[in-house]
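A.B. asks:
2 protein chains.
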Amino acid sequence: MPARQTSKPRISKPRARRQTPETRPYHHGDLRRVLIDAALQLAAEGAEVSVREAARRAAVSPGAPFRHFPNRDALMAAVAEEAQRRFRVEIEAALAEASSIDPLARFRAFGIAYVRWAMHNPAHFEIISTGRYFAYGSSAELIRDNAELVALSERMLAEAASQGLLRSPDLKRTLIAGRALIYGFARMNLDGHFPRWGVEEGEIERMAEGVIDLFIAGIAKG
Amino acid sequence: MPARQTSKPRISKPRARRQTPETRPYHHGDLRRVLIDAALQLAAEGAEVSVREAARRAAVSPGAPFRHFPNRDALMAAVAEEAQRRFRVEIEAALAEASSIDPLARFRAFGIAYVRWAMHNPAHFEIISTGRYFAYGSSAELIRDNAELVALSERMLAEAASQGLLRSPDLKRTLIAGRALIYGFARMNLDGHFPRWGVEEGEIERMAEGVIDLFIAGIAKG
DNA sequence: CCGAAATGTAATCGATGATTACATAATGGA
DNA sequence: TCCATTATGTAATCATCGATTACATTTCGG
């Protein structure tokens, strides 16, 4: 039988507590948090996110993560939560900065911020948008965060409609069209379609603005 | 030459015969083809496409596929080629059936056929659109097929422009916008976004038409 | 202070992509 | 026709991965 490995002299270091009243980690300090960060970084590096690699970066055994996440999908869901939170913060900051009264101008700022974030954080955007890496319904926070962004879009267009700015009376249709346009543009970039469509790398951001403007001009009355 | 059918003593191989009706020869007839079909079917079933499972379905050893594909990505690229071919055939058939002179009506038919195919073949659509499963540049046929569809879209809009049907003089921008809208809609469905946006399953196809109509009305002059 | 709960480790499992050495079939030149 | 070469499939093996289990250790509450 292999001799039991003597355990490392663990220095008990009281780490900073999270404010959230969740499961409080004991041994590692805050392994759950560290694992999420490691996974986020892996995603940001474009590497494949594996539980083992996250554990490796946290300097912990391969089985340890499963004390905090029932399976890989749960880890990915937590990663998505964090990415979604950052996404929402960024979008709301951009809207706050825009500070326009015109709802269509706000919609424009929203769309541009959306595409820009997706361009700068491709791996995170991928994780939060496809639902390929985890069961979407597994995270209430993710659902809530997303619903708020949906509601935000709805409000902008509803306001535009109430001011008589829109051509179509079908608000839902207009909303879905705008969303499809923005999401589609972001994904075309992420999925590497633009080279096939003759759109150069440095041209993409400008093209995003142009395309959103064209859409708004199309739905605006007059 | 008449293929010599050899009797097979097959002493050293008590291997279990698979359910193939004829006694399976040592050499598979067209393993490459069969592997692609098996992988296509796996994708269609929504299962994860693994080389081993494809080999299993072809009743062949796990290493055999690597005689035909240098690695998994190459298999996936071949699968994407086949899926893309079917996709193109379907789109062109839909356009032929539309047989409208109006370029914008043709664009509409194109978009609807696009979304419909993506809805009915989610796994295939995923494979050909993301480039996550293989290196896109690895297949000349894939590039060519795709370029033809791009050119097809361009022609439709260029024709519309030449007939003075478009509001914007920026053809490229209009093209990208239309593509982003259609691709985005198809992906929203594939990525499971519609429930969050209050679009019911049975409503999606109608919504696709509505959204495309709205877009066309937005870019059309008058 | 002590026992229970929390959390980490070691060992192990089955599946996968991939590589290597070897076995067998198919092909074509002498 | 013979047989050597090439194409193609098999067997064995490896490293990695997600996941589970038994066990060790740390922390916390009564």
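Chains A and B, in that order, are what the protein sequence lines are.
Following the UniProt record's numbering from start to finish, the first sequence increments by one per residue and tops out at 222.
Following the UniProt record's numbering from start to finish, the second sequence increments by one per residue and tops out at 222.
Think of the CB as a built atom: it goes at the ideal place given N, C-alpha and C, for glycine as much as any other residue.
1) Could you tell me which chain B residues have their CB closer than 8 Å to the CB of Trp197 of chain A, listed as they occur along the chain?
2) Give me the residue from B:Leu165, B:Arg206, B:Glu205, B:Asp73 with the minimum Cα distance to Ile216 of chain B.
3) Since Lys172 of chain A is in the alpha helix (DSSP H), which residue starts that stretch and which ends it?
4) Tell me which residue opens and which closes the alpha helix (DSSP H) that Trp117 of chain B is part of.
5) Determine, for Met188 of chain B, whether the minimum Cβ-Cβ distance to residues of chain A falls below 7 Å.
6) Spell out the partners DSSP gives Ala220 of chain B in its beta bridges.
7) Which residues, in order along the UniProt domain "HTH tetR-type" (29-87) of chain A, keep a beta-carbon less than 8 Å from a beta-carbon of chain B?
8) Could you check if Pro103 of chain A is buried or exposed, using at least 16 other CB atoms within 10 Å of its CB as the buried criterion?
9) Just reading off the alpha helix (DSSP H) that Ala55 of chain A is part of, what are its end residues?
10) Along chain A, in chain order, which residues have C-beta atoms closer than 8 Å to that of Gly192 of chain B?
11) Just to check my reading of the structure: Ser61 of chain A and Ala55 of chain A have Cβ atoms closer than 8 Å, yes? What is that Cβ distance to the nearest angstrom?
12) Would the segment 166-182 of chain B count as touching the segment 86-102 of chain B if we require 3 or more Cβ pairs under 8 Å?
13) Is there a Cβ of chain A sitting closer than 7 Å to that of Val211 of chain B, yes or no?
14) Kindly indicate which residue of A:Met76, A:Glu141, A:Gly29 has the alpha-carbon position closest to the one of Leu40 of chain A.
15) To the nearest angstrom, how far is the alpha carbon of Asn189 of chain A from that of Met119 of chain A?
16) Let's see if you can read the secondary structure: which residues bound the alpha helix (DSSP H) around Val34 of chain B?
17) Keeping to the same chain, check which residues put their C-beta closer than 8 Å to that of Ile143 of chain B; ignore five residues upstream and five downstream.
18) Is the shortest distance between the beta-carbon of Ile216 of chain A and the beta-carbons of chain B less than 7 Å?
19) Measure the beta-carbon distance from Leu157 of chain B to Thr174 of chain B and round it to whole angstroms, keeping in mind my assumption that it falls under 8 Å.
20) What residue range is occupied by the uninterrupted alpha helix (DSSP H) comprising Val79 of chain B?
21) Our contact map puts Gly184 of chain A next to Arg187 of chain B with C-beta atoms below 8 Å; I'd like the distance itself, whole angstroms only.
22) CB-CB under 8 Å to Trp117 of chain B, same chain, minus the five flanking residues each way: which ones, in chain order?
23) Using a Cβ cut-off of 9 Å, pull out every chain A residue sitting near Phe125 of chain B, in sequence order please.
24) Taking only three categories from DSSP, how would you classify Pro2 of chain A?
25) Should Ser139 of chain B and Glu81 of chain B be called a contact, given that it needs their Cβ atoms to be closer than 7 Å?
26) Buried or exposed for Ala96 of chain B, please, with buried defined as at least 16 other CB atoms from any protein chain shown within 10 angstroms of its CB.
27) Are any of the Cβ atoms in chain B nearer than 7 Å to that of residue 254 of chain A?
28) What's the call for Gln163 of chain A, buried or exposed, on a 16-neighbour Cβ count within 10 Å?
29) Measure the Cβ-Cβ separation of Ala38 of chain B and Ala58 of chain B and say whether it is below 7 Å.
30) So which residues of chain B does Ile219 of chain A contact, with C-beta pairs closer than 8 Å?
31) Between the alpha carbons of Pro25 of chain A and Pro70 of chain A, how many angstroms are there, rounded?
32) Can you confirm whether Ala111 of chain A, when its beta carbon is compared against all beta carbons of chain B, has any partner nearer than 7 Å?
33) Measure the beta-carbon distance from Arg32 of chain A to His68 of chain A and round it to whole angstroms, keeping in mind my assumption that it falls under 8 Å.
34) Answer with yes or no whether the minimum CB distance from Gly184 of chain B to chain A is below 7 Å.
C.D. replies: Taking the coordinates as given:
1) Neighbours of Trp197 of chain A on chain B, chain order: Val150, Leu175, Ile176, Arg179.
2) Of the candidates B:Leu165, B:Arg206, B:Glu205, B:Asp73, the one whose C-alpha sits nearest the C-alpha of Ile216 of chain B is B:Leu165.
3) First-last of the alpha helix (DSSP H) with Lys172 of chain A: 171-190.
4) Taken as a continuous stretch (DSSP letters only), the alpha helix (DSSP H) holding Trp117 of chain B covers 103-120.
5) At least one beta carbon of chain A lies nearer than 7 Å to the beta carbon of Met188 of chain B.
6) Note: Ala220 of chain B sits in a beta bridge opposite B:Leu166.
7) For the UniProt domain "HTH tetR-type" (29-87) of chain A, the set of residues with a beta-carbon nearer than 8 Å to any beta-carbon of chain B is empty.
8) By the neighbour-count rule (16 or more Cβ atoms within 10 Å), Pro103 of chain A is buried.
9) Per DSSP, Ala55 of chain A is one residue of the alpha helix (DSSP H) stretching across 51-57.
10) Within chain A, the residues near Gly192 of chain B are Gly131, Tyr136.
11) Correct: roughly 7 Å between the Cβ atoms.
12) Three or more beta-carbon pairs separated by less than 8 Å are not found between the segment 166-182 of chain B and the segment 86-102 of chain B, which leaves the two stretches without contact.
13) With a threshold of 7 Å between beta carbons, Val211 of chain B makes contact with chain A.
14) When only C-alpha atoms are compared, the closest one is A:Met76.
15) For Asn189 of chain A and Met119 of chain A, the distance between alpha carbons rounds to 7 Å.
16) 31-44 is the span of the alpha helix (DSSP H), which, as asked, contains Val34 of chain B.
17) For Ile143 of chain B, where only same-chain residues beyond five positions count, the Cβ hits under 8 Å are Tyr136, Gly137.
18) No, Ile216 of chain A lies away from the interface with chain B (no Cβ there is under 7 Å from its Cβ).
19) With 8 Å as the limit, Leu157 of chain B and Thr174 of chain B qualify as a contact, their Cβ atoms being about 6 Å apart.
20) Start and end: 72-98.
21) With a Cβ gap of about 7 Å, Gly184 of chain A and Arg187 of chain B count as contacting.
22) Hits under 8 Å: Phe87, Glu90, Ile91, Phe125.
23) Chain-ordered listing is empty here: chain A has no CB closer than 9 Å to the CB of Phe125 of chain B, the nearest sitting near 11 Å.
24) Only weak support exists for where Pro2 of chain A lies, its pLDDT of 28 falling under 50; the value from the coordinates is given anyway. In the three-state reduction of the DSSP assignment, Pro2 of chain A falls in the coil class, being assigned neither a helical nor a strand state.
25) For the 7 Å CB-CB criterion, Ser139 of chain B and Glu81 of chain B form a contact.
26) So Ala96 of chain B ends up on the exposed side.
27) Lying before the first or after the last residue shown, residue 254 of chain A is absent from chain A, which here runs from 1 to 222.
28) That one is exposed.
29) If you check the CB distance, Ala38 of chain B and Ala58 of chain B come in under 7 Å.
30) Close to Ile219 of chain A, with beta-carbon spacing below 8 Å, are these residues of chain B in chain order: Leu214, Gly218.
31) With a pLDDT of 46 at Pro25 of chain A, under the threshold of 50, the modelled position of this residue cannot be trusted; read the value that follows with caution. So the alpha carbons of these two residues sit roughly 16 Å apart.
32) Correcting the residue type first, residue 111 of chain A is Gly in the shown sequence and not Ala. It does not: the Cβ of Gly111 of chain A has no partner Cβ on chain B nearer than 7 Å.
33) Arg32 of chain A to His68 of chain A, Cβ: 4 Å. Contact.
34) By this cut-off, Gly184 of chain B is an interface position.
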